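> One structure follows; several queries about it will come next.
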Amino acid sequence: MSEQAKEQTLVEQAPDNYECRVCGYVYEPSKGDGKSNVSPGTLFTDISNDWRCPVCGARKTQFDNIGANDAPSGFQENLQYGFGVNTMTPRQKNLLIFGALVVGFLFFLSLYGLH
Ligand SMILES: [Zn+2]
31 MSEQAKEQTL
41 VEQAPDNYEC
51 RVCGYVYEPS
61 KGDGKSNVSP
71 GTLFTDISND
81 WRCPVCGARK
91 TQFDNIGAND
101 APSGFQENLQ
111 YGFGVNTMTP
121 RQKNLLIFGA
131 LVVGFLFFLS
141 LYGLH
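Okay, so the sequence shown: first residue is 31 according to our numbering, each after it adds one.
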């Protein structure tokens with residue numbers, strides 16, 4: 031197998047994530063964007079140019095390619111985009127904490143709905 035073929039496979043397995051420079055929202059191709067009917071598996075580059083950040087409404091041009099965070103550790107440049115909290119910006123940490131709160135709150139609500 032040539033190097034190029036391997037690289038292609040890696041890219042297919044782990045498409046690049048894109049982060050909103052305005053609010054820190056990260057578009058993950060594997061999840062898509064349910065709010066805007068972007069189905070899971072859609073590459074960021076394949077999304078319509080009309081698409082806006084679901085959190086703050088920023089345009090596609092406001093997004094940065096931050097690489098694939100679930101890529102196998104084959105590429106040196108991808109290592110800094112791992113799950114390590116130390117490599118996260120404060121903005122990303124805030125988003126993570128906020129996200130955890132929302133998930134916890136929804137979980138609480140779902141329990142409450144059972145009674
Ligand atoms: Zn945003």
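Every residue, glycine too, gets a C-beta built ideally from N, C-alpha and C.
Keep in mind the model is a prediction, meaning the values are calculated, not measured.
If you draw a straight line from the alpha carbon of residue 68 to that of residue 77, how long is it in whole angstroms?
7 Å
> Hey, which residues come within less than 5 Å of ligand 1, measuring from Cβ to any heavy atom, in chain order?
50, 52, 53, 55, 83, 85, 86 and 88
> Between the alpha carbons of residue 49 and residue 125, how many angstroms are there, rounded?
12 Å
> Here's a check: name, in chain order, each residue in its chain whose Cβ is nearer than 8 Å to the Cβ of residue 88, leaving out the five neighbours to either side.
50, 51, 52, 53 and 82
> Assign residue 63 to one of three DSSP states: helix, strand, or coil.
strand
> Grouping DSSP H, G and I as helix and E and B as strand, with all else coil, what is residue 71?
coil
> Residues in its own chain within less than 6 Å of residue 85 by CB, not counting five upstream and five downstream?
53 and 55
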